[in-house]
Amino acid sequence: MVVTGLTDEAPLVRMRGIGKQFLGNAVLRDVDLDLRPGEVHALVGENGAGKSTLMKILAGVHRPDAGSVELGGSEVAFGSPREAQAAGISIVHQEFNLLGDRTVAENVYLGREPVRRGQVDRRRMEADTAELLDGLGERGISPRTPVRRLAVAQRQVVEIVKALSTDARVLAMDEPTAALADHEVELLYGLVKRLRERGIAILYVSHRLREVFDLSQRITVLKDGELVTSKATAELTPDQLVRHMVGRPLDALFPDRAAEPETGAVRLAVRGGGNARLAGIDLELRAGEIVGLAGLQGAGRSAVARAICGVDPFTTGTLELDGRPVTIGSPRAAIRHGIAFVTEDRKGDGLALRQSVRDNALLVRRAAFGRARGLGALDLAALLRSVTLVARGPDQEVRYLSGGNQQKVVLAKWLAVEPHVLVVDEPTRGIDVGAKKAVYDLLRGLARGGVAILMISSELPELIGMSDRVLVMHEGRLAGELPAGPSEEAVMTLATGHATVEAA
Amino acid sequence: MMAAAPAVATRPAQRLSRVLQPTVVVYLALVLLLIAGSILVGVRGGVLLDQGGILNILTRSTALGLVAIGQTMVILTGKLDLSVAYLIGLCSLIGAETMAGDPGMIVPAVLLTLACAAGVGLVNGLVITKLKVNAFIATLGTALVIRGYLESAYSGPAGEVPRAFQHLGYARIGPIPVSALLMVALAALAWWYLMRTKGGYHVYAVGGDEEVARFSGIRTDRTIIKVHVLCAVAAGLAGLFLASRLGSGAPWVGVDAGYDLESIAAVVLGGTLLAGGRGGVAGTIGGVLILATLDTIFDDLGVTPFFKDVVRGAVLIIAVALYARRRGVLR
Chain A
1 MVVTGLTDEA PLVRMRGIGK QFLGNAVLRD VDLDLRPGEV HALVGENGAG KSTLMKILAG
61 VHRPDAGSVE LGGSEVAFGS PREAQAAGIS IVHQEFNLLG DRTVAENVYL GREPVRRGQV
121 DRRRMEADTA ELLDGLGERG ISPRTPVRRL AVAQRQVVEI VKALSTDARV LAMDEPTAAL
181 ADHEVELLYG LVKRLRERGI AILYVSHRLR EVFDLSQRIT VLKDGELVTS KATAELTPDQ
241 LVRHMVGRPL DALFPDRAAE PETGAVRLAV RGGGNARLAG IDLELRAGEI VGLAGLQGAG
301 RSAVARAICG VDPFTTGTLE LDGRPVTIGS PRAAIRHGIA FVTEDRKGDG LALRQSVRDN
361 ALLVRRAAFG RARGLGALDL AALLRSVTLV ARGPDQEVRY LSGGNQQKVV LAKWLAVEPH
421 VLVVDEPTRG IDVGAKKAVY DLLRGLARGG VAILMISSEL PELIGMSDRV LVMHEGRLAG
481 ELPAGPSEEA VMTLATGHAT VEAA
Chain B
505 MMAAAPAVAT RPAQRLSRVL QPTVVVYLAL VLLLIAGSIL VGVRGGVLLD QGGILNILTR
565 STALGLVAIG QTMVILTGKL DLSVAYLIGL CSLIGAETMA GDPGMIVPAV LLTLACAAGV
625 GLVNGLVITK LKVNAFIATL GTALVIRGYL ESAYSGPAGE VPRAFQHLGY ARIGPIPVSA
685 LLMVALAALA WWYLMRTKGG YHVYAVGGDE EVARFSGIRT DRTIIKVHVL CAVAAGLAGL
745 FLASRLGSGA PWVGVDAGYD LESIAAVVLG GTLLAGGRGG VAGTIGGVLI LATLDTIFDD
805 LGVTPFFKDV VRGAVLIIAV ALYARRRGVL R
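Line order of the protein sequences matches chains A and B. Note that this note's numbering has the first sequence beginning at 1, numbered continuously upward. Note that this note's numbering has the second sequence beginning at 505, numbered continuously upward.
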């Protein structure tokens, strides 16, 4: 039977009216999805639109609160990924589930090793793996090679072979190209094509519009947990798709932007900055302005922040502070040059959760400047007031605070060293609206006081609402710069690499 | 099939890295050590590898080897067992007191001892997996409990092993002690288990990444409990061997020789990653032989204990630093 692009064949998987809540937040509402054999079905949407949750429901990781899942015409309810796997649904994770020290064959059959006379039947395991690899046209990978010796794209192939070895009929791929270099993406294209030819149904989750249009036969767009549209790929243009993905009203949460005279001299300038994850980064931050850094997950936004703040420094290019070239080789060097970094992972990198508000707020100041050569007397109470912290007192352990108040402690910790440059990565992640507003006001207030701020956020409305300029990243490079208040379409167009024209 | 496009590393580079496998390095180092030792001892007018020397090295290796085989399995899962030293003393006492000089009691005593050891290992494994106590702390706690019991119940050697059982410790074929052969046989068994059976594969998987192992459907708790039981049984065997050498049970025989840290040192010296997932029994036996050979050389040369420990410490650190250099990184 010849499998053509789009068929009216009965779907292999039929998901109807899927709903899911986490802690009272509805992350999916009444979503339908059909997967047909030999068809690549792309699932797109902004971060937090519910793509991963939907995929995890299909793969048995989560149970839906509402709706039904049918596989081959009969209703199924998977209690675990193993049950889904046994039914022929496999997931290829964005982060690889592989053991570096074990061989390809050992990884493919991990936990399901064939046994013969009490011993693992290594020969059969390796022969079967070789056959699967061969079937995908992958002749460069030996089943006996330890996975640690493979390139990232080859590890991806191993993940896929692992999924196929369970006789999967449905394959869910989560951002399969996120870890791949450009030339490796080509390999994946070929692989997906061969999987289709075998009549496997593929759910393809990706941010990258080019891949979506190159590979898929059908596209479903989710937004805020709801189905926006589900159409044949041929019926959509990239522009239409972007419009479906964005376009919600901006909240009136954001303080007024900087007026022209308020932005001052260049505080921080990077020219030709690059390292393992970044290339050709040119950017300037001026006193008094908030510069937004947009881009999809994995585009290198955090890498820029980490480079400027000395966590993973630039290895090429120059960095100037207030016009003088400086070398920032460590977070400590950055702090001593007046650069503060509010990290994305508040609990992991930002706070000592079991210590008091006071200890956390003074952590950086004490660590980087010592007691003797401090910055003059510090009024802790005033500092905590300035970030509008609500806590029982400076002795309260930070872990008992709400997410919003924890974030305020992180900000206080950095304000205590009076930074000239403030880099904030996802400053409002996981905090409620009231606290968000407080963080916005605080950031704008700092900018008015002459601080240069670089702000990263995956929430486009927030980034657009706050920024005086928006820089957009795509695959480790700056794809373009947009003036204050750009449309979401303009940002997404640059971020997805759909157009690399300088819009400014 | 290795086809036109090689995976990543080129052919010669792969061959080089195969030569640099810790297991190979360990045995090369052992050979070099034996040559250097023979020369040093020869200069002093002695012979390192005469019958007495070989016997000395192998006898020293037996008890440590038994413990280290068990310790290898535990470390391969990314855990540690600090309770083995006291457990060895306890097992020597259980064995010797149960035998009480009666040859007819040898078999029941051995079985009882190994059952007790297995029980201790089971407790270790359950505390680590079910109570989620870090292995370091869990086995340290077990060690303290056993020490408390030994301190209150014993003031010195107790029990008596029959002459027939003493043969186990002293019988030899030429310069090779029978007990050393038994130790090597156990090592071979452990090697087979780790390299050839499903259970062994899962030991490596759990040590490589416990999450990945669990997502792949491996019962990680069961694997961890199993290696702790096997390790404790190996320590029990070491206790029985020492009882047969001493003629009685001795509460501090394991601790005085420092078999807890010594066995970990031998495992690590043998190229097993302390974090788990990589290594094996073959390297461990090499590590044990190196430590025993060093001791024998130092005894022959009559160096001070302080210098001895400095060299042992340096060897250990250098070895691990060497292995760390060639460690590939995933993700």
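All C-beta atoms, glycine included, are put in the ideal place defined by N, C-alpha and C.
Item checked: Residues, ordered as in the chain, of the region 118–139 of chain A that lie near chain B by beta-carbon distance below 9 Å -> Hits within the stretch, in order: G118, Q119, V120, R122, A130, D134, R139.
Margin query: For P681 (chain B), list the residues DSSP reports as bridge partners.
Written below: DSSP lists B:R676 as partners of P681 (chain B).
Checklist line | Three or more C-beta pairs below 8 Å linking the region 96–109 of chain A and the region 145–153 of chain A | finding: The region 96–109 of chain A and the region 145–153 of chain A touch, with no fewer than 3 CB-CB distances between them shorter than 8 Å.
Next item on the list: Please confirm if S720 (chain B) has its CB atom under 8 Å from at least one CB of chain A.
Entry: At least one chain A Cβ lies under 8 Å of S720 (chain B).
Notebook entry, point to check: Thinking just about the alpha-carbon of each residue, which of A:R210, A:R14, A:D359, A:V472 is nearest to the one in V44 (chain A)?
Noted result: Nearest of A:R210, A:R14, A:D359, A:V472 to V44 (chain A), Cα basis: A:R210.
Next item on the list: Could you list the residues in the region 680–709 of chain B with a C-beta less than 7 Å from some C-beta on chain A, going in chain order?
Entry: Taking a C-beta cut-off of 7 Å against chain A, the contacting residues of the region 680–709 of chain B are R700, T701, K702, Y705, Y708, A709, listed in chain order.
Item checked: DSSP bridge partner residues for M15 (chain A) (one or two, in chain order) -> Secondary-structure assignment with DSSP links M15 (chain A) through a beta bridge to A:L33, A:V69.
Check: From this set, B:A754, B:T724, B:T808, B:D799, which residue's C-alpha is nearest G582 (chain B)'s C-alpha?
Finding: Of B:A754, B:T724, B:T808, B:D799, the residue nearest in Cα terms is B:T724.
Notebook entry, point to check: In the structure shown, what three-state DSSP assignment does R306 (chain A) receive?
Noted result: Here R306 (chain A) sits in helix by DSSP.
Next item on the list: Assign Q21 (chain A) to one of three DSSP states: helix, strand, or coil.
Entry: Of the three classes helix, strand and coil, the one that applies to Q21 (chain A) here is strand, per DSSP.
Next item on the list: Please compile the residues from chain A whose C-beta is within a distance smaller than 7 Å of the C-beta of R836 (chain B).
Entry: What the structure shows of chain B is the stretch from 505 to 835, and residue 836 (chain B) is not part of that stretch, so it cannot be assessed.
Checklist line | Contact check, V304 (chain A) vs V410 (chain A), beta carbons under 8 Å | finding: Taking the C-beta atoms as reference points, V410 (chain A) is found no nearer than 8 Å to V304 (chain A).
Check: How long is the line joining the alpha carbons of R469 (chain A) and H706 (chain B), rounded to whole angstroms?
Finding: Between R469 (chain A) and H706 (chain B), the alpha-carbon positions lie close to 53 Å from each other.
Checklist line | Whole-angstrom C-beta distance between S206 (chain A) and A507 (chain A), which should lie under 8 Å | finding: This structure gives no information on residue 507 (chain A), because the portion of chain A shown stretches from 1 to 504.
Next item on the list: Give the range of the beta strand (DSSP E) segment to which M173 (chain A) is assigned.
Entry: Unbroken beta strand (DSSP E) run through M173 (chain A): 170–174.
Next item on the list: Assuming I794 (chain B) contacts L537 (chain B) (C-beta within less than 8 Å), just tell me the rounded distance between them.
Entry: That pair is a contact at about 6 Å.
Margin query: Can you tell me where the alpha helix (DSSP H) holding H337 (chain A) begins and where it ends?
Written below: Per DSSP, H337 (chain A) belongs to no alpha helix (DSSP H) and is neither H nor E.
Next item on the list: Would you mind giving the Cβ-Cβ distance between Q407 (chain A) and A435 (chain A), rounded to the nearest angstrom? I have them listed as a contact below 8 Å.
Entry: Between A435 (chain A) and Q407 (chain A) the Cβ distance is about 7 Å, and since that is below 8 Å, they are a contact.
Next item on the list: Using only alpha-carbon positions, find the residue among A:I200, A:Y189, A:A234 that is nearest to T166 (chain A).
Entry: Minimum Cα-Cα distance from T166 (chain A) among the listed residues A:I200, A:Y189, A:A234 corresponds to A:I200.
Check: What alpha helix (DSSP H) runs, 4 residues minimum, are completely inside the region 757–830 of chain B?
Finding: Fully contained in the region 757–830 of chain B are the following alpha helix (DSSP H) runs of length 4 or more, in chain order: 757–760, 763–773, 785–805, 809–829.
Item checked: chain B contacts made by the region 81–94 of chain A, where a contact means CB separation under 8 Å -> With the criterion set as a beta carbon lying under 8 Å from some beta carbon of chain B, the members of the region 81–94 of chain A are P81, R82, in sequence order.
Checklist line | Partner residues on chain B for R112 (chain A), Cβ-Cβ distance less than 9 Å | finding: Chain-ordered, the chain B residues with CB closer than 9 Å to the CB of R112 (chain A) read S720, G721.
Checklist line | Neighbour-count burial assignment, G393 (chain A), 16 or more Cβ in a 10 Å radius | finding: G393 (chain A) sits exposed, since fewer than 16 C-beta atoms from the chains shown fall within 10 Å of its C-beta.
Next item on the list: Measure the CB-CB distance between T788 (chain B) and I592 (chain B) and report whether it falls below 8 Å.
Entry: It is not a contact, given that the beta carbons lie outside the stated cut-off.
Next item on the list: Could you name the residues of the same chain whose beta carbon sits closer than 6 Å to that of V266 (chain A), not counting the 5 residues immediately before and after it, in chain order?
Entry: Hits under 6 Å: E284, R286.
Checklist line | Top-ranked residue by Cα proximity to A412 (chain A), from A:R271, A:L389, A:E426, A:I431 | finding: Comparing C-alpha distances from A412 (chain A) to each of A:R271, A:L389, A:E426, A:I431 shows the shortest one belongs to A:L389.
Note to self: Do M15 (chain A) and G67 (chain A) have their beta-carbon atoms positioned less than 8 Å apart in this structure?
What the structure shows: At a Cβ-Cβ threshold of 8 Å, G67 (chain A) and M15 (chain A) count as neighbours.
Notebook entry, point to check: Buried or exposed: where does K193 (chain A) fall if 16 or more other Cβ atoms within 10 Å of its Cβ makes it buried?
Noted result: It is exposed - the Cβ of K193 (chain A) has fewer than 16 other Cβ atoms within 10 Å.
Item checked: Cα-Cα separation between G673 (chain B) and S748 (chain B), rounded to whole angstroms -> Straight-line Cα distance between these residues: approximately 5 Å.
Note to self: Taking the alpha carbon of R116 (chain A) as the reference point, which residue from B:A691, B:R700, B:G817 has its own alpha carbon closest?
What the structure shows: Here the closest residue by C-alpha is B:R700.
Item checked: For D606 (chain B), three-class secondary structure by DSSP -> Three-state DSSP puts D606 (chain B) in coil, outside helix and strand.
Item checked: C-alpha gap between S386 (chain A) and T263 (chain A), whole angstroms -> Distance between the alpha carbons of S386 (chain A) and T263 (chain A): 22 Å.
Checklist line | For G481 (chain A): DSSP bridge partner residues | finding: Rather than Gly, the amino acid found at residue 481 (chain A) in this sequence is Glu. Looking at the DSSP assignment, E481 (chain A) forms a beta bridge with A:L471.
Next item on the list: Please state whether DSSP places T727 (chain B) in a helix, a strand or coil.
Entry: In the displayed model, T727 (chain B) falls within a helix according to three-state DSSP.
Check: Anyone know if the C-beta pair for A294 (chain A) and V364 (chain A) falls short of 8 Å?
Finding: The answer is no: Cβ separation not under 8 Å.
Next item on the list: Take the Cβ of R169 (chain A) as the centre, count every other Cβ of all protein chains shown within 10 Å, and call the residue buried at 16 or more, exposed below.
Entry: With 16 or more other CB atoms across the displayed protein chains lying within 10 angstroms of its CB, R169 (chain A) is buried.
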